[in-house]
């Protein structure tokens, strides 16, 4: 008999990150359930560091740096959610 995967519930819609400029050149973001990361303005662009402390790159535009962090947070959330709610059915 072939094993099937039963998804017990669909993941919630992606929560939007709330961005706050805490001081000149420093932006931080979080959702209701997770720290998304920081964007720091540097001489060569905007450095994006995710909620796990991993540098995701330096970007020419602030919006691009923010978008990379939001996408990384969404992938991390989806990965954790999938691990938690997927059950193999014999």
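Numbering (the numbering used here), first residue to last: 90 to 179.
All C-beta atoms in this analysis are idealised placements derived from N, C-alpha and C, irrespective of residue type, glycine included.
As the structure is a prediction and not an experimental result, all values here were calculated from the model.
Residue burial classification, residue i (beta-carbon count within 10 angstroms, cutoff 16)
i	result
residue 114	exposed
residue 128	buried
residue 112	exposed
residue 139	buried
residue 131	exposed
Rounded distance between the beta-carbons of residue j and residue i, thought under 8 angstroms
i	j	result
residue 161	residue 145	6 angstroms
residue 158	residue 109	Rounded, the Cβ-Cβ distance is 13 angstroms, inconsistent with contact.
residue 154	residue 135	4 angstroms
Own chain residues within Cβ distance below 8 angstroms of residue i, not counting five before or after
i	result
residue 107	118, 119 and 120
For residue i, the first and last residue of its enclosing beta strand (DSSP E)
i	result
residue 129	124-131
residue 113	Here residue 113 belongs to no beta strand (DSSP E), and DSSP marks it neither H nor E.
residue 134	134-139
residue 146	144-148
Contacting residues, own chain, Cβ-Cβ under 6 angstroms from residue i (five flanking each side not counted)
i	result
residue 105	none
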